[in-house]
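There are 2 protein chains.
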Amino acid sequence: MRRRQILDLAAVSAALATLQTLGGCAKDDGDSEQSPTTPRGENPPMQHIAMLVYPGFTALDLIGPQTAFAFSFLEDVQNHLVWKTLDPVTTDTGITLHPTASFETCPEELAILFVPGGMAGTIALMRDVEVLDFLAARAERATYVTSVCTGSLVLGAAGLLRGYRATTHWGMREVLPLLEAERVDARYVEDRNRITGGGVTSGIDFGLRIAAKMQGEEAAQRAQLVMEYDPDPPFQAGTPESAPAAVVEPVRSRLAPSVADARLAAEQARARW
Amino acid sequence: MRRRQILDLAAVSAALATLQTLGGCAKDDGDSEQSPTTPRGENPPMQHIAMLVYPGFTALDLIGPQTAFAFSFLEDVQNHLVWKTLDPVTTDTGITLHPTASFETCPEELAILFVPGGMAGTIALMRDVEVLDFLAARAERATYVTSVCTGSLVLGAAGLLRGYRATTHWGMREVLPLLEAERVDARYVEDRNRITGGGVTSGIDFGLRIAAKMQGEEAAQRAQLVMEYDPDPPFQAGTPESAPAAVVEPVRSRLAPSVADARLAAEQARARW
Chain A
0 MRRRQILDLA AVSAALATLQ TLGGCAKDDG DSEQSPTTPR GENPPMQHIA MLVYPGFTAL
60 DLIGPQTAFA FSFLEDVQNH LVWKTLDPVT TDTGITLHPT ASFETCPEEL AILFVPGGMA
120 GTIALMRDVE VLDFLAARAE RATYVTSVCT GSLVLGAAGL LRGYRATTHW GMREVLPLLE
180 AERVDARYVE DRNRITGGGV TSGIDFGLRI AAKMQGEEAA QRAQLVMEYD PDPPFQAGTP
240 ESAPAAVVEP VRSRLAPSVA DARLAAEQAR ARW
Chain B
0 MRRRQILDLA AVSAALATLQ TLGGCAKDDG DSEQSPTTPR GENPPMQHIA MLVYPGFTAL
60 DLIGPQTAFA FSFLEDVQNH LVWKTLDPVT TDTGITLHPT ASFETCPEEL AILFVPGGMA
120 GTIALMRDVE VLDFLAARAE RATYVTSVCT GSLVLGAAGL LRGYRATTHW GMREVLPLLE
180 AERVDARYVE DRNRITGGGV TSGIDFGLRI AAKMQGEEAA QRAQLVMEYD PDPPFQAGTP
240 ESAPAAVVEP VRSRLAPSVA DARLAAEQAR ARW
């Protein structure tokens, strides 16, 4: 097994090299896209992205932006999947994956701190002091503090959205004001260095927008092209406003117990502040 | 570590239960959505979905449809992540995940056989006789034989698209005719029981369409709503036709060596037939 893992890593490093030349701004382009403060020929400092993973998170919340970043970013950006330990975690759709950094080994200076959403597992995090303390500590020095879906409720429970405009999954927006955030009913919300996305698939739009901010529009457009992101949803059902009532009502009523629990978790978090 | 994995599984099974009542057609609804051939009160037989995972595949190709399936399907559908062995595999963006079934333990009767794409790792599979033989054997009895992105080139190398209309990632479509498939320049192509999607993000549209075929439109619409799939791409750059030429040309020229290698792999596959 050890030997096979080593072989897999060789395959992935070859694949990553291809991707970086595909989506990324290859450095042999002639016209450098390096920061104007970086002298030509010197390597800019390595930047770090930390994406939280945890039991019960929704994989697509994270894989959307992670793919947009990987297909647009320079080689001097490193992506970390961070959890308390390096033990594998299982998502809400049954994918078991490996963190690449623990809270202890996660770099302290981050370009992006990111929290994906979920349901029961995410509400559990709103009550997990170890997680909230880690997020608060890393957020202090992060360039962007971000989330997709109900990940914003975890940022909020850590006190990181107080006084900020923010969004979350459409079914959970009423929880935001309980965390002293200003609720915005939108798919993408940017307020100073806090960037929050709506439910699940919004992470793709979110990831491409952040890539454009950090790497320029052409890099983000290359990623969008490599991802063939020209969406063609089969139904008008992506929001409670556009979906048929017969579709919205059962989802809303089945969400209700989770919303009630998230409201309770928000009150408990505020009591800690 | 063993203990933590057990705890994680408990968390995920709770989360899955929530998801199934959220997206799925709960059986306590009163009006049964069971197949008309299934007598009321009897459980329909368990159906199996097998999604291939392998070193260097693109996670988003698989996570898109996997999420659409999980958020819309009934409890009598089981999803398997299948590889040669249960050893972890690492994707082209550096996600290391665990297969849940090996070629040996994968069920023989499948509702859906699915292959995600990638680049170097995918072309390697076009030359991997063990993989091609496995796919050909399971395809014989599968209700749907499917792929997203360059996954169709692997199906094609296994001889499974001969005489079928099919699509793939926009940059690789010229390889399809070499595999005796009829190239279609589209995001989603259905021909008898072969269903192929375009590049990476097309898997979300693909997953929702297949969910609708198998579970009915309302189930797929509930999944689309839970996934908040109301896309808002930041740029017009999702296809080579809509993206600026300055974006398309570098991607196309960097893809060229992979296209050449995939063409060669297709010729080698045909020599095997």
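Listed in order, the protein sequences are those of chains A and B. 160 is the number that numbering that gives the first Met the number 0 gives to position 161 of the first sequence; each next residue is one higher, with no gaps. 126 is the number that numbering that gives the first Met the number 0 gives to position 127 of the second sequence; each next residue is one higher, with no gaps. Here a beta-carbon is modelled for each residue, glycine too, at the ideal position from N, C-alpha and C.
| Item | Value |
| --- | --- |
| Would you mind telling me which residues of chain B sit closer than 7 Å to Trp169(A), beta carbon to beta carbon, in chain order? | Glu227 |
| Counting only beta-carbon atoms, is Val52(A) nearer than 7 Å to chain B? | no |
| On the premise that Gly120(B) lies in contact with Gln223(A), defined as a C-beta separation below 8 Å, what is that separation, rounded to the nearest angstrom? | About 22 Å separates the two Cβ atoms, so there is no contact after all. |
| Per DSSP, which one or two residues make a beta bridge with Glu181(A)? | Arg164(A) |
| Chain B beta carbons: is any one of them nearer than 7 Å to that of Thr20(A)? | Confidence at Thr20(A) is low in this model, with a pLDDT of 45, below 50, so the placement of that residue is unreliable and no value is reported for it. |
| Under 8 Å, with one C-beta from each stretch per pair, do the region 59 to 67 of chain B and the region 195 to 212 of chain B reach the 3-pair mark? | yes |
| List the residues that DSSP assigns as beta-bridge partners of Asp190(B). | Arg193(B) |
| So what does DSSP say about Val258(A), is it helix, strand or coil? | helix |
| Consult DSSP for Gln267(A) and reduce its assignment to one of helix, strand or coil. | helix |
| Mind listing which residues of the region 200 to 220 of chain B have their C-beta closer than 8 Å to chain A's C-betas, in chain order? | Thr200, Ser201, Ile203, Asp204, Leu207, Arg208, Ala211, Glu216, Glu217, Ala219, Gln220 |
| What does a CB cutoff of less than 6 Å around Gly176(A) pick up in its chain, not counting 5 residues either side in sequence? | According to the sequence shown, residue 176(A) is Pro rather than Gly. So the list reads Arg182, once near-sequence residues are dropped. |
| Any Cβ of chain B within less than 7 Å of the Cβ of His97(A)? | yes |
| In whole angstroms, what is the alpha-carbon distance linking Pro256(A) and Ile122(A)? | 12 Å |
| How should Ser71(B) be labelled, buried or exposed, when 16 other C-beta atoms within 10 angstroms of its C-beta is the threshold for buried? | buried |
| Mind checking Val128(B): buried by the 16 CB within 10 Å criterion, or exposed? | exposed |
| Per DSSP, what are the beta-bridge partners of Leu96(A) in this structure? | Val88(A), Leu96(B) |
| Determine the burial state of Gly162(A): buried for a count of at least 16 other Cβ atoms within 10 Å of its Cβ, exposed for fewer. | exposed |
| Leaving out the 5 sequence neighbours to the left and right, which residues in its chain are closer than 6 Å to Thr195(B) when beta-carbon positions are compared? | Ser146, Ser151, Ala165, Thr166, Val188 |
| Taking Val199(B) as the reference, which of Pro43(B), Gln214(B), Trp82(B), Thr92(B) has the closest Cα? | Thr92(B) |
| With a threshold of 7 Å between beta-carbons, can Asp231(A) be considered close to chain E, or not? | The chain labelled as chain E is not found among the protein chains of the depicted structure, namely A and B. |
| Starting from Val114(A), find everything on chain B with Cβ-Cβ shorter than 9 Å and list it in chain order. | Going along chain B, no residue has its Cβ under 9 Å from Val114(A), so there is no contact; the nearest lies around 16 Å. |
| Between which two residues does the alpha helix (DSSP H) carrying Val130(B) extend? | 128 to 140 |
| Distance, Cα to Cα, Arg262(A) vs Ala268(B)? | 57 Å |
| What span of residues does the beta strand (DSSP E) with Phe113(A) cover, start to end? | 111 to 114 |
| Could you say which of Pro54(A), Thr89(A), Glu216(A), His79(A) lies nearest to Pro233(B) if we only look at CA atoms? | Glu216(A) |
| Assuming Ala110(B) contacts Tyr143(B) under a Cβ cut-off of 8 Å, what Cβ separation, rounded to an integer in Å, is found between them? | 7 Å |
| Give the DSSP bridge partners of Gln46(A), in chain order. | Val76(A) |
| Give me the Cα-Cα distance between Ile94(B) and Thr149(A), rounded to the nearest whole angstrom. | 22 Å |
| Where DSSP assigns a beta bridge to Trp82(B), which residues make up the other side? | Ser101(B) |
| Considering only residues of the same chain and omitting the five flanking positions on each side of Gly155(B), which have a CB-CB separation below 6 Å? | Leu178, Ala180 |
| Can you tell me which of the three DSSP states Val144(A) falls into? | strand |
| Taking only beta-carbon positions, decide if Gln77(A) is within less than 7 Å of chain B. | no |
| Taking 7 Å as the threshold (beta carbon to beta carbon), is Thr195(B) in contact with chain A? | no |
| Who are the near neighbours of Leu59(B) in its chain, counting only those whose CB is closer than 6 Å to its CB and skipping five residues on each side? | Val199 |
| Please state the DSSP three-state secondary structure of Gly170(B). | helix |
| Under a three-way DSSP split, which group does Phe56(A) fall into? | strand |
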